[in-house]
Amino acid sequence: MKELLRLWSLFRPYRGWMIAGTLIALLTLIANVALMALAGWFITAMAVAGVAGVAINYFAPAALIRLSAVVRTAGRYTERLVNHEATFRLIAELRVWFYRHLEPLAPARLQQYHSGDLLSRIRADIDALDNLYVRVLVPVAVAAISAVLFFVFLLLHDPLLALSGLAFLLIAGVALPVWSQGRGQAPGRRLAEDEAELRAAVIDGVQGMAELTIYGANERQAQRVEALGRRLIADQARLSSDHGVTQAAVGLSASLSLWVLLWLGIPMVHDGTLMPPQLAMLALFTLASFEAVAPLPQAFQLLGRTLAAARRIFAIVDTDPPVVEPTAPSPRPERFDIRFRGVGFSYPGASTPAVADIDLDVPQGTRAAVVGATGSGKSTLFNLLLRFWEPDAGDISIGGHSITAFRGDDLRSHIAVVSQQTYLFDTTIRENLQIAAPEATQEAIEAACRVAQIHDFISELPDGYGTWVGETGVRLSGGQARRIAVARALLKDAPILLLDEPTEGLDAETERSLMQALDRLMVGRTVLLITHRPAGLDWVDGVLVLDNGREVARGDSKVIPEATQGALLRDVAGATA
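Its first residue numbered 29, the sequence shown is counted upward by one per residue in my numbering.
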């Protein structure tokens, strides 16, 4: 139950709301029970008075009945208003809290998770946590307090009646919830996992629909989704069936409690211990009191789903970030030269290092390239420079300051990146560009796009810079998306520029045009290019050739053309040409 304690600590800012909601719910319950009890007493008393032909003051009980009805109605509305307001605020805060823990893990620690699984955690699992507040904490608190009050009220009339009523309340409010929790724990846990797996399968099917169609695999994917759906429905059906059983059992407990009270109370009326109006009042009081415990079986049934969701969330939150942020303020470098010294790194679980003993100097304002076949360690150097991972050995510095002295956001504020896999968000071209500079004016945006040679294309679109690019920029070609990435880097105006295979997958004409745009972008900046293709090497001042994570040659593009070409033209590791 440590998850419950951790969740309770997260609820701290909203405990005032929770206490208010609980008190209003308790007042509403008491008003409802009082309404039933007073109505029973009043009707019976009026009947007895009519038969006996005696006068009775009905103004006071009638006023109390009306007051109870008003309090019950107003209380139900206010209780739902307060508790749902608290719940929505809590859920919104939990999503922000979860995202803040998620962000430092990207991209290194999140590679093991499917995007659909992460979406399920931030949406469905966070939503499931409202069960703890609305359906567990508040009902349990109300039931516990009201049970004590109701027992004391019955005890004032007769101890035997009080004990019989308490016994059935304990059956409905303790025994049934415990049974329900035991039955619901396993399917509740599977429910969280099934929802995540189903969401991931659906996302895979939608995003890979073209490939599935080409290879005739749509039916297999549909069968997979259908099987996951059936498994999810089976668990939901079991929970629904158990819920129906417990609700019926609560109703049976209430009815049995009423009959036992009548069985014990009628003789008391005969011997004068109780008056008939009192018995009617206590009978309806007992029946109405089960409203306090009626929500508990379902609440504890949902506890399994809630705890499973909490464990899935805390599994992410408790993951150690790949880098440790410094506590001291980040340095402010006056220069932006890049230096690698003896850098080595191995990915978790890998048997061989991704890079080993790498030395590299890129003076401020110069351009260097790291070249090699796929898998030679080029991208790893970028990931280390951006502090997505921490080197196992050696040091990386910018302007004479080790990058470990920088906070991640401060370090990356000095760096712009143009990669082969430009990610465009499902929004307008303008907003995709403003990711790099939120305050950028339209004039600045257009100027950057002119340099990137994309302004004319955008201007010809019906909505211009307001054109929606679609998910991952699906409405744009690879070259157009790459030019937008160049414009985005221009808008950021960072002193360091990292180019990750910027011309990969482009035709010769588009590649030549993009390199011209990149040449303008590189002016005055410290540039590091990684590639396995010859394009762009004419623009660099020095080249480092990697093979299997190790240096095999270095120099400028004119001094080692053969070594460079040999590494670039092979897709497998080996000696340079």
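We treat Cβ as the ideally placed atom computed from N, Cα and C, and that holds for glycine.
Following the continuous beta strand (DSSP E) through residue i, name the residue where it begins and the one where it ends.
| i | result |
| --- | --- |
| D387 | 383 to 390 |
| G144 | Element bounds for G144: not the beta strand (DSSP E) but the alpha helix (DSSP H), 143 to 148. |
Opposite residue i in the DSSP bridges: which residues?
| i | result |
| --- | --- |
| E532 | Bridge partners of E532: none, in fact. |
| F368 | L388, I424 |
| I558 | V398, D528 |
| V479 | Note: V479 sits in no beta bridge, so no partner. |
| V446 | L527 |
| W496 | T456 |
| F373 | V383 |
| S430 | S425 |
Give a yes or no on whether the minimum CB-CB distance between residue i and chain C is below 8 Å.
| i | result |
| --- | --- |
| E225 | Chain labels in this structure do not include chain C; a single protein chain is all it has. |
Can you list, in chain order, the residues of its chain whose CB lies under 8 Å from that of residue i, leaving out five sequence neighbours each side?
| i | result |
| --- | --- |
| A62 | L92, S96 |
| G212 | L267, D270, F328, Q329, L330, L331, G332, R333 |
Just curious, the alpha helix (DSSP H) that residue i is in, first and last residue?
| i | result |
| --- | --- |
| I119 | 87 to 130 |
| D263 | 246 to 298 |
| A59 | 43 to 80 |
| G201 | No alpha helix (DSSP H) contains G201, which DSSP labels as neither H nor E. |
| A83 | No alpha helix (DSSP H) contains A83, which DSSP labels as neither H nor E. |
| L177 | 166 to 185 |
| G10 | Since the displayed the chain opens at 29 and closes at 605, residue 10 lies outside it and no answer follows. |
| Q462 | That residue, Q462, is in no alpha helix (DSSP H); it is neither H nor E in DSSP. |
| T241 | 237 to 242 |
| M309 | 304 to 317 |
| R40 | From DSSP, R40 is part of no alpha helix (DSSP H); its letter is neither H nor E. |
Figure out for me which residue from the options has the closest Cα to the Cα of residue i.
| i | options | result |
| --- | --- | --- |
| D348 | F416, S285, P391 | F416 |
| G403 | V170, G583, I558 | I558 |
| L546 | L572, M303, I482 | I482 |
| A59 | Q139, E107, Y42 | E107 |
| Q448 | L204, I512, I473 | I512 |
| A277 | P323, A378, T241 | P323 |
| P490 | L461, L518, A214, I457 | I457 |
| A172 | L198, L526, M46, E529 | L198 |
| A343 | L130, I84, D566 | L130 |
| T314 | W69, I52, M46, K30 | W69 |
| T408 | R578, A224, G552, L289 | R578 |
| P376 | V497, S358, P350 | P350 |
| S24 | I52, G498, E254, V253 | A question about residue 24 goes unanswered here, because the residues of the chain that appear run from 29 up to 605. |
| M543 | V571, V514, L260, T554 | V514 |
| S615 | A401, L452, D387 | Residue 615 lies beyond the range of the chain shown here (29 to 605); nothing can be said about it. |
| V202 | A169, G372, K520 | A169 |
| V288 | S487, L191, F368 | L191 |
| L519 | A356, V445, L310, L335 | V445 |
| L413 | A384, I443, A396 | I443 |
| T455 | Q140, L54, A475, G492 | G492 |
| A581 | G103, E353, G400, G49 | G400 |
Would you identify the three-state DSSP class for residue i, choosing helix, strand or coil?
| i | result |
| --- | --- |
| S441 | coil |
| F485 | helix |
| G570 | strand |
| D575 | strand |
| G436 | helix |
| R415 | coil |
| T347 | coil |
| V230 | helix |
| R582 | strand |
| S505 | coil |
| Q213 | helix |
| R510 | helix |
| G393 | coil |
| R340 | helix |
| S192 | helix |
| G602 | Residue placement at G602 cannot be trusted, given a pLDDT of 39 that sits under 50; what the coordinates show is reported in the next sentence. Residue state, collapsed to three classes: coil. |
| Q139 | coil |
| R163 | helix |
| D155 | helix |
| R516 | helix |
What does a CB cutoff of less than 7 Å around residue i pick up in its chain, not counting 5 residues either side in sequence?
| i | result |
| --- | --- |
| L122 | L38, I154, L157 |
| R43 | none |
| L194 | F179 |
| S148 | E223, A224, R227 |
Please go through the same chain and pick out, in chain order, the residues whose beta-carbon is closer than 6 Å to the beta-carbon of residue i, but skip the five residues on each side of it.
| i | result |
| --- | --- |
| F434 | S358 |
| D145 | A224, A228 |
| R548 | V479 |
| L436 | Note on residue identity: the sequence assigns Gly, not Leu, to residue 436. Same-chain partners within the cutoff: R415. |
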